[in-house]
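Its first residue numbered 1, the sequence shown is counted upward by one per residue in UniProt numbering.
The C-beta atom is built at its ideal place from N, Cα and C for all residues, glycine as well.
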Amino acid sequence: MEEQSHLMQTLGGVTLTGHPVALPVPHDGTDARNKQDIGDILHQIMTITDQSLDEAQAKKHGLNCHRMKPALFSVLCEIKEKTGLSIRGSQDEDPPDPQLMRLDNMLLAEGVSGPEKRGGTAAFATATAAVGVGADNSIEHSDYRAKLCQIRQIYHTELEKYEQACNEFTTHVMNLLREQSRTRPISPKEIERMVNIIHRKFSTIQMQLKQSTCEAVMILRSRFLDARRKRRNFSKQATEILNEYFYSHLSNPYPSEEAKEELAKKCAITLSQGKGSTITVSQVSNWFGNKRIRYKKNIGKFQEEANLYAAKTAVTATQAVAAAVHNSQTNSPATPSSGFQMKDEDFHLDAAEDKNNLLNMFTGMLQYLVL
């Protein structure tokens, strides 16, 4: 109550709406009057939004010109100095989002973003050449360029709307904070911190836009490639190899270029045993792109398939561990015939690489048993 009395005296008996209020007198029997004064102040605060713009500007001007405003500002600075110490250490900048960087790289490679507008058509030409499409694909290539141009236009239109909305909102908040800094202490660093918070909130919209655009480009490439060539499905063995990698890296199903080359070699070996065909890295990349889209659209349907491959991988890892133990027992000295006894020195691995392989087998088996 003493703080309220001090604040009212500091304001000179003028409330937020500019009406004079009788200052509380510190004597007995004034509790009811003090409660009524506080109720009047709260009522005036609640009715501020009903004021017209001219009335609000007049009240603001009256507050800025009040003779006790410097004293009020000084009190607010002291309060902020006491309460602001606890939040100064929590202003670390967040690192760049890796998923957003990955989407930016893909859009740049496809020619959707960036100054190079023919990047997507060049990528499509490379893909068509990789699958053996002839030179009579000019019509299809033109259609692909036209549809890719539509995707690019939609993307840039929506991105421009996003940037405009983000800039307008940021500018509005900055102007509001600068205006409030005339009444309460607000430093430039605090304004910058608030701008960063706004940008992080808006980045989720940007990520959704880029994710949808990447999926549209992948679907477009897949449709035109499938429509132009004689569809050559992967063999069952090759599909199992790709599915095993996909579900074993489900948390990040984006294989590196080295992994794609290795998978293409494995799939090519299985195909060479049958039809004598080959699989390119581009085909493996397209398969993973389509697989990610299908899995995302129907996670429940593919969950059963993921469980099957997880169980299969666990069984394979268990068999590999059993084989390693059996080989170690075979190479170790003979045990007494009275019973099965194994000493620590009988179970040994000759190379550090064998130890790492065995550890990786156990780790993979435990991961899939948990899943």
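In terms of Cα proximity to CYS214, the closest of LEU107, PHE202, THR239 and LEU242 is LEU107. The shortest C-alpha to C-alpha distance from PRO185 to any of VAL173, PRO70 and ILE219 is the one to PRO70.
In the same chain as THR170, and ignoring 5 residues on each side of it, the C-beta atoms closer than 8 Å to its own belong to VAL195, ILE198 and HIS199, in chain order.
Contact between the segment 148–156 and the segment 39–50 is absent, with fewer than three C-beta pairs closer than 8 Å. As the crow flies, the alpha-carbon of LEU176 is around 21 Å from that of SER74.
Each residue's CA atom was taken as its position, placing LYS147 and GLU110 some 13 Å apart. With fewer than 16 other Cβ atoms inside 10 Å of its own Cβ, CYS77 counts as exposed.
In this structure LYS296 is exposed. Its beta-carbon is surrounded by fewer than 16 other beta-carbon atoms within 10 angstroms.
Boundaries of the alpha helix (DSSP H) harbouring GLN99: 98–109, taken from the DSSP string. With respect to ILE293, CYS267 sits apart: the two C-beta atoms are not nearer than 8 Å.
Closest in alpha carbon position to MET207, among HIS43, ARG102 and HIS66, is ARG102. A straight-line Cα-Cα distance of about 57 Å links LYS82 and CYS149.
In this structure the segment 277–290 does not lie against the segment 305–312, because fewer than three pairs of beta carbons, one per stretch, are closer than 8 Å. Closest by C-alpha distance to GLU261, out of THR280, TYR254 and HIS249, is THR280.
Boundaries of the alpha helix (DSSP H) harbouring CYS77: 69–83, taken from the DSSP string. With a threshold of 16 other beta carbon atoms within 10 Å, MET218 meets it and is buried. Linking SER142 to ARG221 through their CA atoms gives a straight-line distance of about 13 Å. For ARG294, the enclosing alpha helix (DSSP H) covers residues 281–297.
Inter-residue distance for ALA264 and GLY300 is about 28 Å (C-alpha atoms, whole angstroms).
Annotation: the continuous alpha helix (DSSP H) that includes LEU242 extends over 236–248.
DSSP places ASN64 in the uninterrupted alpha helix (DSSP H) bounded by 53–64. In its chain, beyond the 5 residues on either side, TYR245 have a beta carbon closer than 8 Å to the beta carbon of ALA259. With respect to the 8 Å criterion, LEU100 and LEU159 are not classified as neighbours on the basis of their beta carbons. Beta-carbon to beta-carbon, ARG182 and ASN64 are separated by about 7 Å, close enough to satisfy the 8 Å threshold. Shown here for GLN180: same chain residues with a beta carbon closer than 7 Å to its own, the five before and five after excluded, namely ILE186 in chain order.
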